Each structure stands twice: as C-alpha cells, then as structure tokens.
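Single-structure report; data block below.
Numbering (the numbering used here), first residue to last: 8 to 585.
In structure tokens:
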C-alpha cells in the first residue's frame, strides 16, 4: 500500500506522531494502564470498546474490530487515500516527503504547480461568490432565488456567478500574481487564435470541492437559452470529472448517515440538502463511472440512486446498478413519480415525502423495469416478462432471496416453479443425480474456535515480546493470514509496518483481532507455558482434521484401498501416542 515510500521513512513518521494525541482530537479518551479508552468513532456505542495501545501505537475496537496504525486511523476518519493520509501526518510532524513519494512523472516543480492551481481555484471560487452579490451577478442571483434558494443556502454551497465579459477573471487572477500559462492549465481560461478569455462567462457557478475542502474545479449553468446548458472544468492536473463527486465535502462530516444518495445534477444536490436530506452527492456532468462507485464505497456501505423519474432516469438507474454490482456495493433505487426529478419532488412534498418514497433493491427494481414496454394482459407480454425476470434472477446469489423472488414470479406469471427454475438455470437435480457432499466433520465448533483463538493468542504474545521468536514457527499456524503475520514478526519486523502494507480491510480486521487477544497474560514465565498450551490445542485440531480426512477416504474407497488407509491410520495413532 505504501507504494514508493520506504518502510524506514514510514517508521520514522509513525514514531514522530503520537497516535493517542491524534485520536484524542476526534474521540474523548481516558487512560487505563497502557491503553486509552473511548467510544468508537466508527460505530454507535454507549460503553467504550475502542482503545489505543500506547506502547504498540495501534488502535482497535473490540466491538466492530476496526483497527490499525495512525495512518489507517486518518484514512478511516478522513476518508483519505494512503498517500494523502501520509502527507497530512508528515505536515503535522514537520517531515519532508521523500522524492520517491511523488506521482509517476511528477517533480517537486510540478507538485508546487498543482498547489498553485488549488490556490487559483480557491480565489476563483471567492471571486465568483463575491460577484454574485453585485449588479453584474444580479441575473444569476435571481435565477437561484427562482429555484427556491435563499442567501443562507447560497453561502452554504459557495455558489457564485461568472462575469459576462471575456476576461474579468483572467485580469483578477493576474493581479493576484498568477501566470496566464498556469491559469490555462488549470482550466480557468482558454486561448484561441482570436485571443485569450475566461472559460466561464455569464453562468451560475458551482464550486466542486473535495473531501479535504480543496476546490478542484467548477460547474457552470447557463442562464436562459445559452448553450451549452452545463459546462464543467476540463480535465486538469487536479481535476478529472470521472474521479470526483459534487458535495463530497459535506459527506465528510456525515459519518453516521449509513448511506449516500446519488443524484445527477448540482441543483438536485443543493435542493435535497436544503430540505434536510443527508449524504447527497452528484456525478460531475457524466454518467456514473466505476471510479466514482469505488470512491463512494469509502464513505458509506450503501447507496440510494436518486435519478429522475422519467424513462432516461430509469435507464440510467439500471446502468448505475450494474456498476455498483461490479463494485460489490449494495444499492437501492428511489422511485419518483413519473416525470418528477428530485428537485421538483422535494419542493412539492418536503423531507417527509422524500423519506416515504419507495426504495427498491437492485433485483426488485430490475424486475419492476422488466415490465416496461410490455402488455401483461396478453400471453406474449407475460411470457416476455417471465423471460426477462428469469434472466435477472440468474444473478441472485442468495438462496433465500432467490426463494422470495421466485415465489413472487410464480404468483405474478402463473408459471410452474420448476419451469421457472429451469429457465433460470438453477433447477435442482434428481436425488439420484445429486452429488454427495463431504461427510460432516467430527471437529466441533468449539475445537475449531479454540484453535483459531490459540493462534491469535500466540501472535499477541509474540508481538508483545512475551515469548521469544524461536518459540514458534510459521508452520504452527493453519490460518494463512496468521501464518504470514507470524513469519513477519518472527523475522523481527514491526506489526505497524505489516499493517500499513495491507490493502484489504477484511485482512486488516483479521490481523488486528490477532494482535489484540484478550485477556492476555502479562508475565513472560507464564507466557511460555500458555504458548505450549496453545500449540497443543492447534496440534489436536490438526490431528482431528487428519482423522476426518482418513474416514472420508474410507467411505469412498475400494476394499483393497480401505485396508491400506486403515494401516496408515493405525500408524498415525501410534505416532501421536509416542
């Protein structure tokens, strides 16, 4: 995960930043022994289960199992990429980023240029906003008033107006010391054979701000019949409309919402938020992209697609569902009355009306749209509907969900259940054809759980230096995550460095569970005895699994093969007794 940053440099960064101090800026903490305790910032709780280990410099929640280093904490709290969290902490620690941390092809000069672009955009946003309250911005201001916004709304979103002349912004920024070449590269001005002029002229302006509060670019809405109706900043070194979302800066402060509401337009976003809807974001003048879906996953576990209620909006919602499916993100579709968009609806019905709108999960919405263009009162129409739905149900992985939708389809179409199953491609085999599954293992859940906990306890003792590295080996661990972590620790490397290289949240959760076994013995003499007990537990589990494998082989073996297996099993028992 750390890319081109060396482990040594990252270790130095972690050593200069106190995790407990960083966490305390977000969560009230109380010290008990070597740990600080507080209520978890990642899930709702009343009894503190979130802790910071001051010695290990790791955080861990015993409730939701989130944990990691100070870099992971900033990534989780600020929804930052790894390198951005590192940059933030490096500034805090007054450490210079190494040259190797630059983007491919990026030099110190180009990074400084990017910072100048951010500053130019910030001043531009301020210029547009100030202009809105002048006589030149009166037409844009009246447009916003006409859309139902008041002065407070306008200020909250930093809305503005671009000048009607050709080069008002250019002259303003040149007076601030910005070079024409940089402004062109930032997408703020355009150069043609006829001269140079502002990119945005006579438009209502929406600043596009990232989660860290930096202005990346702008969206401009024409007033009247001017074309194009919407104009966005072109791609620049700091802005790509495929990668960002409008209003992400508000989402940063809405940690407890639990979902995002995705709309297509800037005004839809502003209107929904004005009426109290939280978590609202919009794409940036394009259809939803895979990159935007991945970005949304960092901010919420679920998304509600809130597109227009017309045919175009419904088709766009279906495309968005496909993208969220590929990204493994649960999505629902808000079903607006035909012809209404989010802006129209929220003004007419308010927040209560919005919250009462039906929200369809992905399969339900696809089945709803499968009716489009069909006359279900005819046999042909019903047949086509059944065929479309069977194709949709072929995607369903959950047996319980499949059963629910199958019952619904039987009731709606009148087709026999087995016929529909064969069409879906999920018809059960005859009992005689069904393959026999493996025999139920004689290993109990308690034994399996005991071995897993034994591995966790060994890793916690190893990381805390309660047992020597030579007391165990990687081969003592059955869980591959535990094995890899144990081998890393045995080699003398730090747990923090291992964690900062993890890219999979599920793996990080496993690692943090293993590093936070509780209750953990504290005396080294007792730790060695506990370690021996843990190894015995793991050995017994492996012997039980091996015996089960022998028994399973016996059940399917020929008489000659059975005799050979019995001899092997007997030899194995004698070996274990010795």
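Glycine included, each C-beta is placed from N, C-alpha and C at the ideal position.
Since the model is a prediction, treat every value here as computed from it, not as a measurement.
Here the alpha carbons of residue 418 and residue 402 stand approximately 20 Å from one another. Rounded to whole angstroms, residue 314 and residue 345 show a C-alpha spacing of 11 Å. According to DSSP, residue pairing for residue 168 in a beta bridge involves 211.
According to the DSSP assignment, residue 387 belongs to the alpha helix (DSSP H) that extends over 386-400.
In the three-state scheme derived from DSSP, where H, G and I count as helix and E and B as strand, residue 363 is classed as coil. About 6 Å separates the beta carbons of residue 383 and residue 389, which is inside the 8 Å limit, making them a contact pair. Looking from the CA of residue 421, the closest CA among 98, 407, 385, 96 belongs to 385. When secondary structure is reduced to three states using DSSP, residue 269 falls in the strand class.
Using a Cβ distance threshold of 8 Å, residue 327 and residue 295 count as a contacting pair. Rounded to whole angstroms, the separation of the alpha carbons of residue 424 and residue 411 is 12 Å.
Unbroken alpha helix (DSSP H) stretches of 4 residues or longer found wholly inside the region 127-211: 145-153, 158-164, 175-182, 187-192, given in chain order. Short of 6 Å from the beta carbon of residue 224, and not among the five residues preceding or following it, lie these beta carbons of its own chain, in chain order: 215, 240, 246. The C-alpha of residue 127 lies about 12 Å from the C-alpha of residue 119. Apart from the 5 residues on each side of it in sequence, residue 494 sits with its Cβ closer than 6 Å to the Cβ of 481 in its chain, given in chain order. According to the DSSP assignment, residue 89 belongs to the alpha helix (DSSP H) that extends over 89-100.
Boundaries for residue 372: no beta strand (DSSP E) harbours it, while the alpha helix (DSSP H) harbouring it runs 369-376, taken from the DSSP string. In the DSSP annotation of this structure, the continuous segment of the beta strand (DSSP E) that includes residue 66 starts and ends at 65-68.
Residue 174 and residue 79 have their C-alpha atoms some 45 Å from each other. In this structure, residue 77 places its C-beta atom within 8 Å of the C-beta atom of residue 96.
DSSP places residue 514 in the helix class (H, G or I) of the three-state scheme. Between the region 504-513 and the region 472-479, the count of C-beta pairs closer than 8 Å stays below three; the two stretches do not touch.
In its chain, beyond the 5 residues on either side, 430 have a beta carbon closer than 8 Å to the beta carbon of residue 394.
In the structure shown, residue 221 adopts coil according to DSSP, grouped into three states. Within the region 38-83, no complete alpha helix (DSSP H) segment of 4 residues or longer occurs. Remark: C-beta atoms of residue 69 and residue 56 approach each other more closely than 8 Å. Annotation for residue 338: the continuous beta strand (DSSP E) segment containing it runs 338-341. Taking all protein chains shown into account, residue 472 has fewer than 16 neighbouring C-beta atoms within 10 Å of its C-beta and is therefore exposed. By the Cβ criterion, the region 193-210 is in contact with the region 224-238, since at least three pairs of Cβ atoms, one from each stretch, lie closer than 8 Å.
DSSP places residue 307 outside any beta strand (DSSP E), giving it a letter other than H or E. Shortest Cα-Cα distance from residue 534 to any of 148, 92, 466 involves 466. According to the DSSP secondary-structure assignment, residue 508 is paired through a beta bridge with no residue. A straight-line Cα-Cα distance of about 13 Å links residue 464 and residue 492. The shortest CA-to-CA distance from residue 540 to any of 462, 499, 23 is the one to 462. The three-state secondary structure of residue 262, taken from DSSP, is coil. Sorting 243, 81, 404 by C-alpha distance to the C-alpha of residue 432 places 404 at the top. DSSP, read as helix, strand or coil, puts residue 238 in strand.
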